[in-house]
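Heads up: the structure comes next, in structure tokens.
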Amino acid sequence: MVSTGIMVLAVIIALVIGVVGGFFMARKYMETYLKKNPPISEEMIRSMMISMGQTPSQKRLNQVMASMRNRKD
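Here it is in structure tokens:
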């Protein structure tokens with residue numbers, strides 16, 4: 585029979601390995617996700633407004649960014 589101390593130690597080691605492995609897998613997933621779907625920046629909004637024929641002012645860009653932040657929340 586395996587003693588209780590060894591069983592507890594094995595469970596703790598497995599838990600630590602799972603947490604560390606999960607952290608690195610989640611980190612890798614988020615990196616690839618953000619490469620495929622980058623968050624929208626002011627430069628992207630500025631170029632989009634220019635392509636639509638609008639002249640973007642800093643005030644208008646700030647308004648659009650604020651409205652996007654409010655929608656996300």
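The working numbering numbers the first residue of the sequence shown as 585 and each following residue consecutively.
Beta carbons are placed, not taken as given, at the ideal position from N, Cα and C, and that holds for glycine.
Rounded to whole angstroms, Arg611 and Pro622 show a C-alpha spacing of 15 Å. In the three-state scheme derived from DSSP, where H, G and I count as helix and E and B as strand, Gln647 is classed as helix.
Nearest C-alpha to Arg644 among Arg655, Asn654 and Glu626: Glu626. Taking the Cβ atoms as the reference, Pro640 lies roughly 11 Å from Met649, outside the contact range of under 8 Å.
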